[in-house]
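Below: one structure, written as structure tokens.
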Amino acid sequence: MTEELDAGMVARTIAESDMLSEPAPGRAEVGAARRRKEDARLVTGRTRWTDNIQLPGMLYVAFLRSPMAHARLTRVDVSGALGLPGVVAAFSGRDLADEQGSLPCAWPVTEDIVIPDHPPMAVDEVRYAGEAVACVVATDRYRAADALEAVEVDYDPLPPVLDMTEALTEGSPKVHEQGNRSFVWKFAAGDIGAAFQDAPVVVERTYVQQRLIPSAMEPRAVVAQSDGDAFTLYSATQIPHILRIMLASVTGIPEHKLRVIAPDVGGGFGSKLQVTAEEVILLLLARRLGKPVKWTESRSEGNLTVHHGRDQLQRISLAAEADGRIRGLKVDLLADMGAYLMLVTPGIPLLGAFMYNGIYKMDAYDFTCTGVFTTKMPTDAYRGAGRPEATYAIERVMDELAHELGLDPVEVRRRNWIRHEEFPYATIAGLTYDSGNYEAATDKALALFGYDKLRAEQADRRERGDHVQLGIGTSTFTEMCGLAPSRVLGSLSYGAGGWEHADVRMLPTGKVEVVTGSSPHGQGHETAWSQIVADALGVPFEDVSVVHGDTAVSHKGMDTYGSRSLVVGGIAVLRACDKVKEKARQIAAHMLEASPDDVEFAEGTFRVRGTDAGKTIQEVALATFAAHDLPDGVEPSLDSSATFDPENFSFPHGTHLCAVEVDTETGGVKIRSYVAVDDVGKVVNPMIVEGQVHGGLAQGIAQALFEEAVYDAEGNLLTTTMADYLLPSAADLPDFVTDRTETPATTNALGVKGVGEAGTIASTPAVVNAVVDALRPYGVHDVPMPCAPERVWRAINGGAA
Amino acid sequence: MTRITVTVDGIAYEEEVEPRLLLVHLLRDRLGLTGTPIGCDTGNCGACTVMLDGRSAKSCSVLAVQADGSDVVTVEGLSADGGGWHPMQRAFHEEHALQCGYCTPGMIIAAIDLLKDDPDPSDDAIRHGLEGNLCRCTGYTNIVRAVRRGARDMSGQDAATATGEGGR
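Protein chains in written order, with this note's numbering: chain A, 1 to 801; chain B, 1001 to 1168.
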């Protein structure tokens, strides 16, 4: 396909040569598939998970959790636990009511938003099954669990509130006194009335974004330790820096007396972007007892109480011309907040508000989101966070539009998308997409997929009435990444900025330490940041080490989520390197007895222009350390810091194509092939990028086919274990075909866009579009997610799906 | 309390344990072998998989007393003397078959066990053979590649080394 691509666009295919573990001599580190530095400890078990931590005198904490979705607490008596073997202390929510504060919500999205009080342990009322009502501290984890049985609680049942639409009706039971509506947030652009008036085609659909459980493999764990008036908190968190600030404000422990450490963290996917009840309580227990305390959740405890994702009801209407060109789009969203607003709960659906228009041009757009309280676990960020929901709705509706018009789904997208020569493009949702080439990514994906051949096979199977039907699903998506420009976050009422920080330390021996404010938990920053620094400073990849995740070492950061680490944090690293080089140039010039203006830097050496005289950066580092002969007024240090605030989001995009075989007799769906062509801009490490895409695909496909958090009519979570909540295994997923096009971002020095969420955002609609496409001959136009066999079978057989 | 003797990664231990103590808690909390993590409480995820008398077992589903007299090999005991890596550990590194790494110890042990029954498995056999080990990061594509590479690198090796028996 390369020869068909436009000149301004560099098409790449992931060839074997790109996956070499070291760059060829003289070649840049950035772009090489360096094997990861992180792996050495991870494959050998020399890991530092929070639950591994054992401290002298450490005590174990267990929480008693509400078995009821909604009830008044009339009695919580922990006295029975006290005096049991090994039990050191036990507390109810009321015991800690004066010091536990309220868990924070940092994103009050409207002026009149309802943000209810959220005590870490319930005091008067429980509002979801799993909410903590008491805790026990004991000498080992078994005894702590035993003692929970001796805590007595009387619950006075209140009616559960489980359905968002009913929750908003007059007379519904209330989750909070203030009512079940948390906020209404609106966005409008263009004349939506005109767009829909006399529109030749209007497609109206309702989609359910089912509730998901993020399910990072490492369960949450917290260790808290007091040292006089200072505290150290270890947590399996994505956000040590944000956590430090938030815990300081909740507990009153001054920020400078609180150190937060995120050791090795076993995945997050947004679920560890949170300030949790357990983190607050463990700190309070360490303060009260003067002993280190540890809590590690069981998986069933985690399914109940790690924040959930998605759970939205989407009403979407699209008006189009007869030729398929979109006139306008209306979205009316109900977003389930769960029982409380947690760290960024209300902002999650709004991250989607700017993405419903996708990659398409239109004249008008109208968006309304209502945040609704229910008696369920609160929702919050889960991989993609608002953007998968938006992408799902628009990409499903584009297939519906194609069907109504009798057009090929790819063709209807072609007629609407922003052409590559139209960038930068100001979208109807108010963003400016800096770059992209949807034509190139789509052409490449179609060729890899064998689109025409599969369509021919589909026609053949339809004609034969084969009981196994073939379906083809398309998803042409973009996303906003690199969260985020601080000014934009401010305009959206977010509580903080979106910059990132880096320190680069040049050690006397010429080795380099990089301190990053990003907080990786599987992404491979130690490797990728080393590649960036190796190129920037001309030092060997092996001579760079990257430290992170400890606020005593990395004092400043905004942490890792929203595909932001490379786009924001990586650029901060690059800028800090620039400052190191500038300082070193002054000293090198002095050493070379030349003017700094005549000294140039390449591949690790400062040279006087036009001569062979040079000093390596390592020589400069040593001379700076000795400081015997530095220029007047120059400090003896090359160390530098940079804090980078992006001017815009980045906009990765891509075209994903999925072929499924649907057994119309059993409803079974099998993914036959999956092609993902992603454009994430310039690539630092193609191996890591490919891995991120693979993992993202698995999670997006899992939403389409397997996963759903289910509450029963009383508000009990039924999917509390991995036996009930169906995470896909290797046997459930296909081999993925991934490739890339490369349209560099124009808004940062590396041209990078971010890749953490792309696979998840794109894949869910690709799969469901394929399932529905297979079933069009049966008059099926939707199958609710997850498209499990029973639902598919019911859709085919006309039953209520 | 029950007295048990168990050999873990080549070292013999004698321990007094409560009958209800899980093998994985013996390893982690008592013996300090934290390389074997816990991912669930229902035996579904496989993160805690170890070799128990030469076959893979989920150590969250085995009582310490059941391991009395047994030989256990964890991910920490796979490497040969001198810190070299087991071919399967190297294969996981080379093929980028891990991201957060939490499932990796169990996945590696399960993969080694899989090759005992089928030294040259097809991709499909690998996928079904690892069904009891969940990974949330990789989407499995690179894990399948790694097991294929591990199988290739282990074929022709001394059987005891290749299967992770005998510890250090």
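Virtual Cβ for every residue (Gly too), placed ideally from N, Cα, C.
Under the three-state DSSP convention, the category residue i falls into
| i | result |
| --- | --- |
| A766(A) | helix |
| Q314(A) | strand |
| G1164(B) | Confidence is the limiting factor: at G1164(B) the pLDDT is only 46, short of 50, which leaves the residue's position unreliable, though a coordinate-based value still follows. It is coil, neither helix nor strand. |
| F449(A) | helix |
| S226(A) | strand |
| Y778(A) | helix |
| A89(A) | strand |
| R259(A) | strand |
| K682(A) | coil |
| F706(A) | coil |
| F541(A) | helix |
| S519(A) | coil |
| E3(A) | Residue confidence for E3(A) is low, a pLDDT of 37 falling below 50, so the modelled location carries little weight; the figure read from the coordinates is stated next. In this structure, E3(A) counts as helix in the three-state DSSP scheme. |
| D191(A) | coil |
| K361(A) | coil |
| N437(A) | coil |
| S641(A) | strand |
| K1116(B) | helix |
| S1122(B) | coil |
| R1152(B) | helix |
| I802(A) | Because chain A is modelled from 1 through 801, residue 802(A) falls outside the range shown and cannot be assessed. |
Spatial distance of residue i from residue j (CA atoms)
| i | j | result |
| --- | --- | --- |
| V771(A) | V660(A) | 6 Å |
| H628(A) | Q586(A) | 15 Å |
| T110(A) | L1063(B) | 54 Å |
| A81(A) | V87(A) | 7 Å |
| L1078(B) | F183(A) | 55 Å |
| V410(A) | D1041(B) | 45 Å |
| H1128(B) | I1038(B) | 22 Å |
| A320(A) | M785(A) | 26 Å |
| N416(A) | K361(A) | 6 Å |
| G1054(B) | C577(A) | 51 Å |
| H176(A) | E1076(B) | 51 Å |
| M870(A) | H525(A) | No answer is possible for residue 870(A): it lies beyond the span of chain A, which begins at 1 and ends at 801. |
| V468(A) | R462(A) | 9 Å |
| A426(A) | D645(A) | 21 Å |
| E1016(B) | Y142(A) | 15 Å |
| A447(A) | P686(A) | 21 Å |
N- and C-terminal bounds of the beta strand (DSSP E) containing residue i
| i | result |
| --- | --- |
| P784(A) | Taken as a continuous stretch (DSSP letters only), P784(A) belongs to no beta strand (DSSP E), as it is neither H nor E. |
| I472(A) | V468 to T478 |
| V133(A) | A132 to A138 |
| Y155(A) | E152 to P157 |
Extent of the continuous alpha helix (DSSP H) run through residue i
| i | result |
| --- | --- |
| C577(A) | I571 to M591 |
| G209(A) | What sits at residue 209(A) in the sequence shown is Gln, not Gly. Here Q209(A) belongs to no alpha helix (DSSP H); instead the beta strand (DSSP E) covers V201 to L212. |
| I394(A) | R387 to L405 |
| L42(A) | D39 to T44 |
Residues bridged to residue i (per DSSP)
| i | result |
| --- | --- |
| T1005(B) | E1014(B) |
| L1052(B) | R1055(B) and V1072(B) |
| A676(A) | H656(A) and T738(A) |
| W49(A) | D264(A) |
| F231(A) | S226(A) and L258(A) |
| A426(A) | T432(A) |
| C481(A) | S650(A) |
Residue-level contact to chain C via CB, residue i, 7 Å cutoff
| i | result |
| --- | --- |
| T1034(B) | Of the chains in the structure shown, none is chain C; the protein chains are A and B. |
Pull out every residue of the segment 708-732 of chain A whose Cβ sits closer than 7 Å to any Cβ of chain B, in chain order. T721, M722, A723, L727, S729, A730 and A731
Short of 8 Å Cβ to Cβ, which residues in the segment 1123-1147 of chain B face chain A? D1123, I1126, R1127, H1128, L1130, E1131, G1132, N1133, L1134, C1135, R1136, C1137, T1138, G1139, Y1140, T1141, N1142, I1143 and V1144
Using a Cβ cut-off of 7 Å, which residues of the segment 1039-1057 of chain B contact any Cβ in chain A, in chain order? G1039, C1040, D1041, T1042, N1044, C1045 and A1047
Near-chain B residues of the segment 35-46 of chain A (beta-carbon distance less than 9 Å), N- to C-terminal order: R35, R36, E38, D39, A40, R41, L42, V43, T44, G45 and R46
Near-chain B residues of the segment 494-521 of chain A (beta-carbon distance less than 8 Å), N- to C-terminal order: H521
Contacting positions in the segment 265-290 of chain A - beta carbon closer than 9 Å to chain B: V265, G266, G267, G268 and F269
In chain order, what residues of the segment 734-757 of chain A put their CB closer than 8 Å to some CB of chain B? D735 and F736
Could you please tell me which residues of the segment 1097-1125 of chain B, in chain order, have their CB closer than 9 Å to any CB of chain A? A1097, L1098, Q1099, C1100, G1101, Y1102, C1103, T1104, P1105, I1108, D1123 and D1124
Residues from the segment 1055-1078 of chain B in contact with chain A, defined by Cβ distance under 8 Å: T1074, V1075, E1076 and L1078
At a CB distance below 9 Å, what residues from the segment 171-193 of chain A approach chain B? Give them in sequence order. none
Can you list, in chain order, the residues of the segment 123-147 of chain A whose Cβ is nearer than 8 Å to any Cβ on chain B? D140, R141 and Y142
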